[in-house]
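Residue numbers (the working numbering): 2 to 86.
Next comes the structure, spelled out in structure tokens:
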């Protein structure tokens, strides 16, 4: 079973995405910020991370950089509700 880590500071987005992916058969972990997500990456080694770009503690871009230093094979999808990037 593939493992996916969902990272977003908005709990409703985290829950909606996590619930959908669980129904598709994935093992899901979630975190409200990049700093806590890194701890999950170290312990659970997910196959994919779906992360918001703007979050407190550590944003999605810094999370991506740190994840690639830990394991370059983990895929990362960065999402945002904002269109002014």
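No residue lacks a Cβ here, since even glycine has one placed at the ideal position from N, Cα and C.
Query                                                                                          : Result
For residue 57, the nearest candidate out of 23, 15, 9 (CA to CA)                              : 9
Three CB pairs or more closer than 8 Å across the region 61-78 and the region 12-20            : no
Residues near residue 59 by beta carbon distance below 7 Å, same chain, minus five either side : 34, 35, 36
Through-space distance from residue 31 to residue 51, alpha-carbon basis                       : 9 Å
Nearest residue (CA-CA) to residue 22, options 45, 7, 67, 72                                   : 7
Expected contact under 8 Å - CB spacing of residue 47 and residue 5 to nearest Å               : 6 Å
For residue 55, the nearest candidate out of 71, 49, 81 (CA to CA)                             : 81
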